[in-house]
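Number of protein chains: 2
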Amino acid sequence: MSETDFVIERLEMRGHRITGSRRRVLDAVMAQPAHFTVDDVMHASRKVGRATVFRTMKILLDLNVVCRVMLDDGTLHYRVSTRGHHHHLVCVDCGRVEDFSQCDVQSLTRDLAQATGYEIERHWLEVYGRCETCRLVAPKEKSALTKRVAAAVRVD
Amino acid sequence: MSETDFVIERLEMRGHRITGSRRRVLDAVMAQPAHFTVDDVMHASRKVGRATVFRTMKILLDLNVVCRVMLDDGTLHYRVSTRGHHHHLVCVDCGRVEDFSQCDVQSLTRDLAQATGYEIERHWLEVYGRCETCRLVAPKEKSALTKRVAAAVRVD
DNA sequence: TTTAAATTGAGACCCGATATCAATTGGATG
DNA sequence: CATCCAATTGATATCGGGTCTCAATTTAAA
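Protein chains in written order, with the working numbering: chain A, 200 to 355; chain B, 200 to 355.
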């Protein structure tokens, strides 16, 4: 059974109807490269309305079929989810994204819960850096653009 | 010297001109409650143009005078920064935000760097949960809205 | 086959944010 | 203090991701 069929099955189980549009969007998503925008999906799934693409993406997000990555330029991209909980390591130069799941945040959240009385539900961790390849090429002066968008993402 | 004057000084040092508009925006920001939107600031700093408010906020973001919090409903809010690196613990019910800085992410990023060859620059961690107060009141059924927006934030 | 409920798509609309550009102003300089 | 110009402003247009509306269509259960 293809990955796509597997998702279709999950859609059905959730009580969603299997429509032509949804199939087309799903196919388009599965055919995307590492990360993409809803716009990319729209172009790849002709004949499906804008609203429907967004609606379908929301469902896929909900089913954890896709996840979102905050890119270094502040734009939100999507990617097909690896199974389970994970985080992203984004290269600020070339934009490649690595997944990682070894997250010691567990102990952190446990401590936090203890200290604050919160019941921790989930967390979102994105890590930014420069990949090995980009580190080896000339450490070129950051462009004005890069600096601007870096500020757009900074949240510490 | 007031907090505001201190920021003004930093603006000058950075080569920014001290204008009436910037003063008004800064005053408005400093007068905000725990977290706020650019719109709030706009209302609080009459006579300053929309674009200028946004521009000033970007500078303040850059100076780390304010930081951004991703609220549970997917909206981006601002808050006056506590000094230095920190993260947010956001209550998904009432929206209150706690800062915390004890972040063991250091060891995680060190491991990551080792494993991937990345040079880690920074990270963004937001934690979502339910605060003590909200946990004690009726654990009411989540509204359709709540579920929808929760999906909007989920990125794991 | 019928039928009610879910879904669709075109388009309006929303909202946060940026771009444009002529008019204004801060502040370094003489 | 007066001059002057680059930085800044603000009105307005525009952008981009996303949602809302609603009549028309489609799904799948009976």
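Glycine residues also receive a C-beta, built at the ideal position from the N, C-alpha and C atoms. In this text, all values refer to a predicted model and were calculated from it rather than measured experimentally.
Rounded separation between residue i and residue j - CA only
| i | j | result |
| --- | --- | --- |
| R209 (chain B) | V206 (chain A) | 53 Å |
| T274 (chain A) | D238 (chain B) | 21 Å |
| A230 (chain B) | N263 (chain B) | 17 Å |
| T203 (chain B) | A314 (chain A) | 32 Å |
| R249 (chain A) | V304 (chain B) | 39 Å |
| R213 (chain A) | K246 (chain B) | 52 Å |
| L260 (chain B) | H287 (chain A) | 23 Å |
| S300 (chain A) | D310 (chain B) | 12 Å |
| S226 (chain B) | F235 (chain B) | Checking the displayed sequence, the identity of residue 226 (chain B) turns out to be Asp instead of Ser. In a straight line, the C-alpha of D226 (chain B) is about 14 Å away from that of F235 (chain B). |
| M256 (chain A) | C266 (chain B) | 29 Å |
| A233 (chain A) | D272 (chain B) | 27 Å |
| G316 (chain B) | V336 (chain A) | 14 Å |
| H276 (chain A) | H276 (chain B) | 20 Å |
| H242 (chain B) | R254 (chain A) | 34 Å |
| G219 (chain A) | S201 (chain A) | 17 Å |
Proximity below 8 Å, CB of residue i to CB of residue j
| i | j | result |
| --- | --- | --- |
| V268 (chain A) | V252 (chain A) | no |
| E331 (chain B) | R334 (chain A) | no |
| V279 (chain B) | V240 (chain B) | no |
| L307 (chain A) | C302 (chain B) | yes |
Same chain, Cβ closer than 7 Å to residue i, neighbours up to 5 away in sequence not counted
| i | result |
| --- | --- |
| R329 (chain B) | C290, V291, D292 |
Contacting residues, own chain, Cβ-Cβ under 8 Å from residue i (five flanking each side not counted)
| i | result |
| --- | --- |
| H215 (chain B) | R221, I258 |
| E211 (chain B) | I217 |
Residues near residue i in its chain [Cβ-Cβ closer than 6 Å; skip 5 each side]
| i | result |
| --- | --- |
| A350 (chain B) | Per-residue confidence for A350 (chain B) stands at a pLDDT of 42, beneath the threshold of 50, marking its modelled position as unreliable; the derived number appears in the next sentence. None. |
| E297 (chain B) | L288 |
| R223 (chain A) | S244, V247 |
| A312 (chain B) | I319 |
Stretch pair the stretch 276-286 of chain A + the stretch 290-304 of chain B: three plus CB contacts closer than 8 Å = no
Three CB pairs or more closer than 8 Å across the stretch 319-329 of chain A and the stretch 317-325 of chain B = yes
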